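Counting in my numbering, the sequence shown runs from -7 upward without gaps.
From the three backbone atoms N, C-alpha and C, an ideal C-beta is built for every residue, glycine too.
Predicted, not measured: the structure shown is a model, and the values here were computed from it.
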Amino acid sequence: MLINVTKLLLSEGFVKEVNESIPIDKIKCQGITYSLKDEVKTEVKLTNIGKKEVEIAGKLNAALIIPCSRCTEEVIYHLETNFHRVASFGEKRVAVDDDDDDEANKYVEGHNIDLYQLVYEELIINFPMKVLCKNDCEGICNSCGCNININKCDCDNLDIDPRMAVFKDILKDY
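The following block contains the structure:
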């Protein structure tokens, strides 16, 4: 979704508010594609701050479908985050962003802000490092691969350093 900011750039202090649902169904993060349960709900406030710069402040809500980090069961992870960016529309566009990248203004196209691209970037930036289906998730068995939360297996999962194996026998007597 493109938001035209031509009128916004005419007067300093002018504000435009946009509340949209962005139809993002998949995101790719760290080489893996993840699905989203619903459209991403956004509330965005665009403010002309002078010098052909627009402040973009917003909030997004998304429901990501991510595998549990321990047992790989699918988990619906609710992501709610606020974001703040400054986009420059002057002759020489410079990223005035928290992370001063070469591609920091990928969401700026001419006198338009690509809300889809901006929200997509925010989803990637705020992607969780670790998701658990429950706090006490036991994960999968290293030997047979079964989900220990569902079935308790009889595998001997004691990977003992051969140098310490002697102590295992000593403790059996006590």
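Two segments are said to touch when three or more pairs of C-beta atoms, one from each, lie closer than 8 angstroms; by this definition the region -1 to 18 does not touch the region 56 to 74. Selection Val78, Ser27 and Glu66 evaluated against Glu47 yields Val78 as nearest (Cα-Cα). In the structure shown, Val(-3) falls within a coil segment according to DSSP collapsed to helix, strand and coil. Nearest Cα to Ile57 within the set Met156, Lys122 and Cys145: Lys122.
Rounded to whole angstroms, the gap between the alpha carbons of Glu9 and Glu65 is 38 angstroms. Across the set Thr34, Gly23 and Cys63, the C-alpha of Cys63 shows the shortest separation from the C-alpha of Asn143. Taking C-beta separations shorter than 6 angstroms and ignoring five residues to either side along the sequence, the partners of Val32 in its chain run Ile14, Ile16, Leu52, Ala54 and Val111, following chain order.
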